[in-house]
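Heads up: the sequence shown begins at 1 in the working numbering, then just goes up one per residue.
Note sheet for the following structure.
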Amino acid sequence: RLRKPVHSVFFWTRYPAALHGPSLLGDMVRDGIENTLVHLTVTGLGGTRLEPHVPDTQATLAQVPPLLDALGGDARRLIWRFDPVLLEVMTPELFEPLAARFGALGVRRCVISFPALMSLKGSLEPAYNRHGIRRHERAAKRDAALRLAEIGANHGLSLSACCQPKLVADCAGAITEGA
């Protein structure tokens, strides 16, 4: 139970149906939390071996219009996350139709990031190696980010990088720091 008045609520999800369907979260979004913001992660890999428990991309995208309705039709309250960017599988060809769809729905921000090398428990490299995810040089990440920024701009999206200030600096204004 939330105390009133609640100023803002921030949701971060891969499951937009949970926010607009018949649920506590859906009720909160619809019934009076004025400053609701949603980060929706859609990578295009839902249902694949890399995201086996995530709904497939088309099912997720079908839930975005009802989510926007639950957000009062204000697309500024929805930020699309395309992360972590796995260069082996998350190509510009995968990004472009997603950018087109989100842009057509009025979404204007996309957040990207590349896999971190460390977690609080230590190196992530063994896990990446098990799944065939390679470590990429800084220049490769910059080039990929610049290409995604170009595609995003073609669809009215601005790109931000989450917790990657070196990438932001390398892209010289084409992407901004995520906030």
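Cβ coordinates follow ideal geometry from the N, Cα and C atoms, glycine included.
* Three-state secondary structure (DSSP) at Ile151? -> helix
* Asked: According to DSSP, is Val38 helix, strand or coil?
  -> It is a strand residue.
* **In chain order, each alpha helix (DSSP H) run of at least 4 residues that lies wholly inside the stretch 94-165** => Here the runs fully enclosed are 125-130, 138-154.
* **Of the residues Val38, Thr60, Glu34, the one placed nearest Gly44, counting alpha carbons only** => Thr60
* CB of Phe95 within 8 Å of CB of Leu40, strictly -> no
* Asked: Leu146 and Cys110: beta carbons closer than 8 Å?
  -> no
* Asked: Based on Cα-Cα distance, which residue from Pro22, Pro55, His7 lies nearest to Thr13?
  -> Answer by Cα proximity: Pro55.
* Asked: For Gly152, which residues of its own chain have a beta-carbon under 6 Å away from its beta-carbon, when the five flanking residues on both sides are left out?
  -> Same-chain partners within the cutoff: Ala99, Cys110, Leu159.
* Asked: Are the beta-carbon atoms belonging to Gly156 and Gly103 less than 8 Å from one another?
  -> yes
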